[in-house]
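> Chains as they are written, first to last, in this note's numbering: chain U, -19 to 130; chain V, 4 to 349.
The structure under discussion is supplied below as structure tokens; questions concerning it will follow.
This is how it looks when you write it as structure tokens:
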């Protein structure tokens, strides 16, 4: 016996089938309409005209991996907070207090990540500039420029 | 539940789905035209003006051209994933619009026809879920190309999208406290007799807007395909309709995110003074649909305007904005909204 508030899900099926047909059909048509030719460089990887060397399955900076991990942690917590947000009128201040503790843990994690530098991408311009200024302190400015030019 | 399905209902939904898909594709097509014309206007050029009067047939010519282009699959690419990537991206972009209420109900042949494909009680979560599946389209396609530029574009795009999705979700939670519902239909109906939610959630809306730009890979956040560094980012190796899918789906995403923003913050198909109009319900519904699309077009215009006005961020600035500004701001907004809600209701 279906309850009146039960969502109807079958329209998604219709939608999905139509979208699949559309995408599949367009790929199919373009596959048959497109021209074909085969020359020496046709299947080469495009790297701005320079001959490609090696594979593209490169190692990439671990930062991106870290971001993905943080995303999982934070997104899970966001889902928990959503369930509180829906029921905020029923749970009142007690629930609010609980969520503040929960969010405080989240913020602690964020501050920790911030402090260990996990959220820094690329070199820190200000830090480099400060170190540079520290280095050239006391040295005549022109001298440094001369040194660089040599 | 299955017993409820009648042939008429299936037909009705089928027609509605076909119309919505058609309109989405049509608007996505003409967004490219609007983009080029507006860009031309901003840069003091003429823009496309050869195909048809004022170049109005240009998008059709572009689409047709993509069909007739050669499909090139690079030698060492993973062929299956190379085709799967753009398909996933396109399918997820189209699937999002299933839960958006395009209008109120129409009364035709003595029946109430809802202008929404599926009114599920988890509408917003559905949109978020499908949108995040779109990342797989980028990742699969970019990785399968076996091109260094594609790989760099891919990992950039993936980490950008998931970072901003977080801030987007957190900014939305503050709105959900006020609505108390995840169904988009309910949220629109609540705004029909009160003020629009932009009044209660200005900061939440701003965060959502910035994140929507980042989610759609639009300038100033188009780091995933910035031409000056990465040729064309994750779709460098693509040609023919598969490239068309990537470009097209981006415009569909723009259209859908405009629709979502209008639904959540700008009253959806409601418009000021709609209750004092003395017209038949059907006319009111149609006027509502028109109002909804006018609001969407304003947002689309804004997307385009920003693209040709604001320069691109640097990648570390982008991540800094997402993690160090938007997420703390969203958390603060969430806590303050919650406290205010409870304070005013007790």
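Beta carbons are placed, not taken as given, at the ideal position from N, Cα and C, and that holds for glycine.
All values derive from a computational prediction rather than experimental measurement.
Can you find at least 3 beta carbon pairs, one from the region 41 to 48 of chain V and one from the region 310 to 326 of chain V, that sit closer than 8 Å?
yes
> Check the Cβ of residue 15 of chain U against every Cβ in chain V and list those closer than 8 Å, keeping chain order.
Residues of chain V passing the Cβ test: 71, 72 and 73.
> Using the Cβ count rule (16 or more neighbours within 10 Å means buried), how would you classify residue 23 of chain U?
exposed
> Would you check if the distance between the CB atom of residue 82 of chain U and the CB atom of residue 116 of chain U is smaller than 9 Å?
The answer is no: Cβ separation not under 9 Å.
> So residue -8 of chain U contacts chain V; which residues on that side make the cut at Cβ distance below 7 Å?
101 and 121
> Who are the near neighbours of residue 36 of chain V in its chain, counting only those whose CB is closer than 8 Å to its CB and skipping five residues on each side?
51, 58, 59, 61 and 62
> Can you check whether the C-beta of residue -15 of chain U is within less than 9 Å of a C-beta belonging to chain V?
Reliability of the predicted coordinates at residue -15 of chain U is poor, the pLDDT of 46 falling under 50, and the value obtained from them is presented with this limitation in mind. At least one chain V Cβ lies under 9 Å of residue -15 of chain U.
> Could you list which residues in chain V have their beta carbon closer than 7 Å to that of residue 6 of chain U, in chain order?
244
> Looking at C-beta atoms only, is the number of pairs between the region -1 to 10 of chain U and the region 210 to 220 of chain V that lie closer than 8 Å three or more?
no
> Where do the ends of the beta strand (DSSP E) carrying residue 114 of chain V lie?
114 to 117
> Run through chain U and tell me which residues come within less than 7 Å of residue 344 of chain V, C-beta to C-beta.
68
> Using beta-carbon positions only, say whether residue 272 of chain V and residue 107 of chain V come within less than 9 Å of one another.
Against a cut-off of 9 Å, the Cβ pair of residue 107 of chain V and residue 272 of chain V comes out as a contact.
> Between which two residues does the alpha helix (DSSP H) carrying residue 108 of chain U extend?
105 to 116
> Which residues share a DSSP beta bridge with residue 111 of chain V?
V:114
> Using C-beta distances below 8 Å, list every residue in its chain close to residue 136 of chain V, excluding the 5 sequence neighbours before and after it, in chain order.
91 and 95
> Please list, in chain order, the residues of the region 181 to 203 of chain V that have any C-beta partner in chain U closer than 8 Å.
183, 184 and 185
> Buried or exposed for residue 171 of chain V, please, with buried defined as at least 16 other CB atoms from any protein chain shown within 10 angstroms of its CB.
Result: buried.
> List the endpoints of the continuous alpha helix (DSSP H) containing residue 46 of chain V.
No alpha helix (DSSP H) holds residue 46 of chain V; DSSP gives it neither H nor E.
> Taking CB distances under 9 Å as the criterion, tell me whether residue 111 of chain U reaches chain V.
no
> Any beta carbon from chain V within less than 9 Å of residue -4 of chain U's own beta carbon?
yes
> In chain V, which residues lie less than 8 Å from residue 31 of chain U when you measure between Cβ atoms?
Those do not exist, as residue 31 of chain U stays about 13 Å from chain V at its closest Cβ, beyond 8 Å.
> Are any of the Cβ atoms in chain V nearer than 9 Å to that of residue 88 of chain U?
no
> Would a C-beta distance cut-off of 9 Å place residue 100 of chain V and residue 301 of chain V closer than the cut-off?
no
> Assess, as a yes-or-no matter, whether the region 9 to 22 of chain V is touched by the region -10 to -1 of chain U under the definition of 3 or more beta carbon pairs within less than 8 Å.
yes
> Taking only the alpha-carbon atoms, compute the straight-line gap between residue 344 of chain V and residue 319 of chain V and give it to the nearest angstrom.
36 Å
> Using a Cβ-Cβ cut-off of 7 Å (strictly less than) and excluding sequence neighbours within five positions of residue 201 of chain V, which residues of its own chain qualify?
208, 268 and 269
> Return yes when the Cβ of residue 153 of chain V is within less than 9 Å of the Cβ of residue 48 of chain U, no when it is not.
no
> Taking just the CA atoms, how far does residue 26 of chain U sit from residue 71 of chain V?
21 Å
> Quick check on the DSSP output: the alpha helix (DSSP H) that includes residue 136 of chain V runs from which residue to which?
126 to 147
> So, is residue 295 of chain V buried or exposed, given that buried needs 16 or more other C-beta atoms within 10 angstroms?
buried
> Determine the chain U residues that contact residue 151 of chain V at a beta-carbon separation under 7 Å, and present them in chain order.
Per Cβ cutoff of 7 Å: 27, 36 and 38.
> Return the chain-ordered list of same chain residues with a C-beta closer than 7 Å to the C-beta of residue 173 of chain V, the five sequence neighbours on each side being excluded.
330, 333, 334 and 337
> In chain U, what lies closer than 8 Å to residue 20 of chain V by C-beta?
-9, -6, -5 and -2
> Alpha carbon to alpha carbon, how far is residue 224 of chain V from residue 6 of chain U?
29 Å
> Assign residue 4 of chain V to buried or exposed, taking buried as 16 or more other Cβ atoms, counted over all protein chains shown, within 10 Å of its Cβ.
Low per-residue confidence applies at residue 4 of chain V: pLDDT is 46, beneath 50, and the placement is therefore not dependable, though the value from the model is reported in the following sentence. Classified as exposed, residue 4 of chain V has fewer than 16 neighbouring CB atoms from the shown chains inside 10 Å of its CB.
> Give me the chain U residues within the contact set of residue 249 of chain V, using Cβ-Cβ distance strictly less than 8 Å, ordered along the chain.
Residues of chain U passing the Cβ test: none, with the nearest at roughly 12 Å.
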